[in-house]
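As numbered in numbering that gives the first Met the number 0, residues 0 to 441 make up the sequence shown, in order.
Cβ atoms here follow ideal geometry from the backbone N, Cα and C, with glycine treated the same way.
Since the model is a prediction, treat every value here as computed from it, not as a measurement.
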Amino acid sequence: MVRGIRKGQTFNIMTERQSMVIPPRPTEVKMLPRSTQQLLNAFVFFLAFPSISIFGNSITFYIFIILLIRSGIFWTKNIPYKNLLFTFLMIVCAATALGPYAKMDRYPGFFYSLQILIQYLYWILMAVYFMVYKGRYQMMQLSQWIFYGVCAATIGYYLLPFNVGSFGIELMTKGTRNSYVFTLLCTIPLAFKYIVAKWGLKKSIWFFPAFLLVMLLTNGRSGAIIILLELMLIAAILYRQFNRTIKFMLIPFVLLFLLMESSGLQPYLEVLASQVESINPRFASLLRSEGEGDLTFDKSWLIRKLMIDKGFEIVKEYPVLGVGANNFKYYDGELESLSKYSRLGSQTMEFYNSRSAHNSYIQVLTEFGVLGFFNFILLLIIPLIYQIRLIILDRNHLDYLPLIALLGITMHFYAISSFTGAVPWFLIGISLSLIDWRKVRR
0 MVRGIRKGQT
10 FNIMTERQSM
20 VIPPRPTEVK
30 MLPRSTQQLL
40 NAFVFFLAFP
50 SISIFGNSIT
60 FYIFIILLIR
70 SGIFWTKNIP
80 YKNLLFTFLM
90 IVCAATALGP
100 YAKMDRYPGF
110 FYSLQILIQY
120 LYWILMAVYF
130 MVYKGRYQMM
140 QLSQWIFYGV
150 CAATIGYYLL
160 PFNVGSFGIE
170 LMTKGTRNSY
180 VFTLLCTIPL
190 AFKYIVAKWG
200 LKKSIWFFPA
210 FLLVMLLTNG
220 RSGAIIILLE
230 LMLIAAILYR
240 QFNRTIKFML
250 IPFVLLFLLM
260 ESSGLQPYLE
270 VLASQVESIN
280 PRFASLLRSE
290 GEGDLTFDKS
300 WLIRKLMIDK
310 GFEIVKEYPV
320 LGVGANNFKY
330 YDGELESLSK
340 YSRLGSQTME
350 FYNSRSAHNS
360 YIQVLTEFGV
370 LGFFNFILLL
380 IIPLIYQIRL
390 IILDRNHLDY
400 LPLIALLGIT
410 MHFYAISSFT
420 GAVPWFLIGI
430 SLSLIDWRKV
440 RR
């Protein structure tokens, strides 16, 4: 059975099966002070439920400043992969300082770039913080407050949406669909550590269809696919008697969406589409390849393709360091491929040039050049290779849930420009801290 949590304690997993899922924490590690842990709990809660903004910045920014003051200089400690993060930060600064601003008539100015650089400094330092203090913060408590944040965000998005603000403080319970979907992909896997400890393996199974339903109701397409993949990987950890079955299901699951255009699969896709149509019409259309699901007629998909074309146009001009942080939407490209997309003819070139990249990888490549892109890919691929090794060797457990979330958002990065935020860098930092190559040797 599972004992409840008390002040200053973590959950104790008592059954043999659950002890396989959650390995015991070493007792000799000196934990962070209770007040610091409470700040971290509030920090991750507002990562999952980004509802409060103060003078244009999320409340998480100000919470982290307090953590910085309390912790002192922590970034000088020698830990693996720290230099990779700071190298990326230096590339960001160099690319922004040397950007081709003479060719950006809509560029907001120096103080705008300074603000963006401060944000990057915050994200990188925050990632390093969670790497340095790995093992000293109560991950179970973080999982608990992430779960609370996911619940609060879902209630706000579907049941109590409102937006009020005055004197520079804004309270917003419902953001955009894309931001809500992305945040769920980042946070749902991490919440399962608390879910299992609180409700046990048998009751935890009900959270799988609940989270899938929450994602389907957003009427998003890629989010529904990715959350299903994340949930399957989590299930493979929790229910080890079905581990092999779930792993084998992953292969046809991936092939299913790679071969959706095949006429031979269409009858089966039609059956699946009819089951989800009442919940998520856009996903059903994608399965049928009709209406919005026919990507050749989907404007959002065509805009993504146009932005990829613009991205390669920028890379040809500025291949090494790109055009600087957050400057993709201020660079006026030629957009020579616009004529290929007849359904996009209703808007002007100025309109499309002011759009975001709609693709995190294209944004990194164009804003920080090949140097920044290579560095960013390393930050993602190193923990993902480690995750694949864990899966192959069947050594996954709930401590590695951040790696599952990172895998999900790495896939989602192709469909959205979302690497510029605290939550993905929080995931990157925690994921890098989990890597221990000795544990994946045969």
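- Spatial neighbours of Pro160 in its own chain (CB-CB distance under 7 Å, excluding positions within 5 residues in sequence) are listed in chain order as Thr172 and Lys173.
- A residue is called buried once 16 or more other Cβ atoms fall within 10 Å of its Cβ, and Trp436, having fewer, is exposed.
- Under the three-state reduction of DSSP output, Met139 falls in the helix class.
- The continuous stretches of alpha helix (DSSP H) do not include Val163, which lies in the beta strand (DSSP E) extending over residues Asn162 to Ser165.
- In this structure Lys81 is buried. Its beta-carbon is surrounded by 16 or more other beta-carbon atoms within 10 angstroms.
- Counting other Cβ atoms within 10 Å of its Cβ, Lys339 stays below 16 and is therefore classed as exposed.
- Relative to Ala324, the option among Leu158, Leu84, Ile62 and Ile90 whose CA is nearest is Ile90.
- In the three-state reduction of the DSSP assignment, Ser52 falls in the strand class.
- If you draw a straight line from the Cα of Tyr238 to the Cα of Val322, it is about 48 Å long.
- Burial check for Met139: the Cβ neighbour count within 10 Å reaches 16 or more, so the residue is buried.
- Counting only the Cα atoms, Lys309 lies some 43 Å from Gly71.
- About 5 Å separates the beta carbon of Glu229 from that of Pro188, a gap short enough to meet the 8 Å contact definition.
- The C-beta of Gln37 has fewer than 16 other C-beta atoms within 10 Å across all chains shown, which makes the residue exposed.
- In this model, Gly134 and Leu249 are separated by some 32 Å (Cα to Cα).
- Looking at the DSSP output, Leu379 shares a beta bridge with no other residue.
- About 14 Å separates the beta carbon of Ser52 from that of Gly155, a gap too long to meet the 8 Å contact definition.
- If you look at Met348, you'll find it in the alpha helix (DSSP H) that goes Met348 to Asn352.
- In this structure the region 217–232 does not lie against the region 361–377, because fewer than three pairs of beta carbons, one per stretch, are closer than 8 Å.
- Only residues of its own chain outside the window of five on either side were considered, and among them Met231, Ala234 and Ala235 have a CB closer than 6 Å to the CB of Ile245, listed in chain order.
- By the Cβ-count criterion, Gly368 is buried, with 16 or more other Cβ atoms from all chains shown falling within 10 Å of its own Cβ.
- Residue burial is scored here from C-beta neighbours: Glu366 has at least 16 other C-beta atoms within 10 angstroms and is therefore classed as buried.
- By the CB criterion at 8 Å, Tyr385 and Leu405 fall outside the cutoff.
- Here Val163 is exposed: its Cβ has fewer than 16 other Cβ atoms, across all protein chains shown, within 10 Å.
- Glu169 sits in a strand when the DSSP states are folded into three classes.
- By the neighbour-count criterion, in which a residue is buried when 16 or more other Cβ atoms sit within 10 angstroms of its Cβ, Trp205 is exposed.
- Positions of the beta strand (DSSP E) runs, each at least 3 residues long and wholly inside the region 33–112, are given as 51–53 in order along the chain.
- Asn325 sits in coil when the DSSP states are folded into three classes, being neither helix nor strand.
- Taking a cut-off of 8 Å on C-beta distances, the region 348–367 touches the region 414–422, as three or more cross pairs fall below it.
- Contact between Leu46 and Thr35 is ruled out by a C-beta separation of about 16 Å, above the 8 Å threshold.
- Distances from the alpha-carbon of Thr86 to those of Asn56, Pro99, Val127 and Val149 put Val127 closest.
- Contact between Trp424 and Met130 does not hold, since their C-beta atoms are separated by about 11 Å, which reaches or exceeds 8 Å.
- Closest by C-alpha distance to Gly108, out of Ile64, Tyr329, Thr75 and Asn218, is Tyr329.
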